[in-house]
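S.K.: Mapped onto this note's numbering, the consecutive letters of the sequence shown carry residue numbers 36 to 139.
Please see the structure below; I have some questions.
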Amino acid sequence: MSNNQENAEIAWLLFGVAAGFVLAAKIHAAGALPVEEPMRGVVIIGSLAGGGALFGVIGSHLQDEVAREKISRATYWTTVFGIAVASFTLLGITGVDDLLALIR
(Lines of atoms letter the chains of each structure in order from A and count residues from 1; the text may use other names and numbers.)
(Lines give C-alpha, C1' and ligand atoms only; values in the text may rest on other atoms or scores of the structure.)
Protein backbone atom coordinates (compact mmCIF):
# COMPACT_ATOMS: atom_id res chain seq x y z
CA MET A 1 0.00 0.00 0.00
CA SER A 2 1.41 3.37 -0.96
CA ASN A 3 1.87 6.26 1.44
CA ASN A 4 -0.76 8.33 -0.42
CA GLN A 5 -3.31 5.54 -0.08
CA GLU A 6 -2.59 5.18 3.65
CA ASN A 7 -3.01 8.93 4.13
CA ALA A 8 -6.27 8.81 2.23
CA GLU A 9 -7.63 5.96 4.35
CA ILE A 10 -6.64 7.76 7.56
CA ALA A 11 -8.33 10.96 6.36
CA TRP A 12 -11.55 9.14 5.51
CA LEU A 13 -11.51 7.28 8.82
CA LEU A 14 -10.94 10.47 10.82
CA PHE A 15 -13.70 12.37 9.03
CA GLY A 16 -16.07 9.43 9.41
CA VAL A 17 -15.42 8.96 13.13
CA ALA A 18 -15.71 12.72 13.68
CA ALA A 19 -19.06 12.76 11.87
CA GLY A 20 -20.18 9.77 13.95
CA PHE A 21 -19.11 11.57 17.14
CA VAL A 22 -21.12 14.65 16.15
CA LEU A 23 -24.13 12.47 15.37
CA ALA A 24 -23.87 10.66 18.72
CA ALA A 25 -23.55 13.99 20.53
CA LYS A 26 -26.62 15.35 18.70
CA ILE A 27 -28.59 12.22 19.66
CA HIS A 28 -27.50 12.68 23.28
CA ALA A 29 -28.36 16.40 23.27
CA ALA A 30 -31.80 15.63 21.85
CA GLY A 31 -32.43 13.18 24.68
CA ALA A 32 -32.97 10.32 22.26
CA LEU A 33 -30.09 8.17 23.53
CA PRO A 34 -31.43 4.95 25.08
CA VAL A 35 -31.22 4.72 28.86
CA GLU A 36 -30.57 0.97 28.98
CA GLU A 37 -26.85 0.27 29.12
CA PRO A 38 -26.41 -2.30 26.33
CA MET A 39 -28.41 -0.26 23.81
CA ARG A 40 -26.73 3.00 24.83
CA GLY A 41 -23.32 1.55 23.94
CA VAL A 42 -24.64 0.04 20.72
CA VAL A 43 -25.97 3.42 19.55
CA ILE A 44 -22.77 5.27 20.43
CA ILE A 45 -20.40 2.67 18.97
CA GLY A 46 -22.68 2.17 15.97
CA SER A 47 -22.71 5.86 15.10
CA LEU A 48 -18.93 6.09 15.41
CA ALA A 49 -18.27 2.91 13.43
CA GLY A 50 -21.05 3.64 10.95
CA GLY A 51 -19.61 7.02 10.07
CA GLY A 52 -16.16 5.54 9.61
CA ALA A 53 -17.50 2.66 7.50
CA LEU A 54 -19.63 4.92 5.30
CA PHE A 55 -16.77 7.31 4.66
CA GLY A 56 -14.47 4.33 4.07
CA VAL A 57 -16.73 2.99 1.32
CA ILE A 58 -16.85 6.39 -0.35
CA GLY A 59 -13.06 6.66 -0.09
CA SER A 60 -12.47 3.23 -1.60
CA HIS A 61 -14.66 4.03 -4.60
CA LEU A 62 -12.82 7.29 -5.18
CA GLN A 63 -9.46 5.53 -4.70
CA ASP A 64 -10.47 3.08 -7.44
CA GLU A 65 -11.21 6.03 -9.74
CA VAL A 66 -7.74 7.44 -9.08
CA ALA A 67 -6.17 4.02 -9.78
CA ARG A 68 -8.04 3.86 -13.10
CA GLU A 69 -6.86 7.42 -13.81
CA LYS A 70 -10.40 8.71 -14.25
CA ILE A 71 -9.77 11.45 -11.69
CA SER A 72 -6.57 13.15 -10.58
CA ARG A 73 -5.09 13.07 -7.10
CA ALA A 74 -5.99 16.78 -6.71
CA THR A 75 -9.61 16.07 -7.61
CA TYR A 76 -9.60 13.20 -5.14
CA TRP A 77 -8.48 15.40 -2.22
CA THR A 78 -10.87 18.18 -3.23
CA THR A 79 -13.68 15.64 -3.14
CA VAL A 80 -12.53 14.31 0.26
CA PHE A 81 -12.74 17.73 1.87
CA GLY A 82 -15.89 18.68 -0.04
CA ILE A 83 -17.74 15.63 1.27
CA ALA A 84 -16.42 16.23 4.79
CA VAL A 85 -17.57 19.87 4.79
CA ALA A 86 -20.96 18.95 3.35
CA SER A 87 -21.51 16.19 5.91
CA PHE A 88 -20.57 18.42 8.85
CA THR A 89 -22.82 21.18 7.53
CA LEU A 90 -25.66 18.67 7.25
CA LEU A 91 -25.02 17.72 10.89
CA GLY A 92 -25.15 21.40 11.90
CA ILE A 93 -21.43 21.98 12.42
CA THR A 94 -20.38 25.00 10.36
CA GLY A 95 -17.44 26.15 12.44
CA VAL A 96 -15.23 25.48 15.41
CA ASP A 97 -17.66 27.40 17.65
CA ASP A 98 -20.43 24.93 16.86
CA LEU A 99 -18.15 22.01 17.64
CA LEU A 100 -17.10 23.52 20.97
CA ALA A 101 -20.73 24.25 21.89
CA LEU A 102 -21.62 20.65 21.11
CA ILE A 103 -18.83 19.35 23.34
CA ARG A 104 -20.01 21.51 26.23
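Glycine included, each C-beta is placed from N, C-alpha and C at the ideal position.
Fair warning: this is a prediction, and the values are worked out from it, not measured in the lab.
Assuming Gly55 and Leu97 make a contact with CB atoms under 8 Å, what is their CB distance in whole Å?
M.R.: Contact flag wrong, Cβ pair sits at about 19 Å.
S.K.: Quick one: residues in its chain with C-beta nearer than 6 Å to the C-beta of Phe90, no 5 flanking neighbours on either side, listed in chain order?
M.R.: Trp47, Phe50, Gly51
S.K.: Which residues in the same chain as Gly94 place their Cβ atom closer than 7 Å to its Cβ, once the five residues preceding and following it in sequence are excluded?
M.R.: Ala43, Glu44, Trp47
S.K.: Quick check on Leu58: buried or exposed, where buried means 16 or more other Cβ atoms within 10 Å of its Cβ?
M.R.: With 16 or more Cβ atoms within 10 Å of its Cβ, Leu58 is classed as buried.
S.K.: Are the CB atoms of Val120 and Tyr111 within a distance shorter than 7 Å?
M.R.: No; because the gap between Cβ atoms is not below 7 Å, this pair is not in contact.
S.K.: Output the distance between the C-alpha atoms of Gly127 and Gly81, rounded to the nearest integer angstrom.
M.R.: 20 Å
S.K.: Spatial neighbours of Ser122 within its chain, please: C-beta separation below 6 Å, excluding the five flanking residues on both sides.
M.R.: Ala54
S.K.: Going by C-alpha distance, which of Ile79, Ala65, Ala64 is nearest Glu71?
M.R.: Ile79
S.K.: For Leu126, which three-state DSSP category applies?
M.R.: coil
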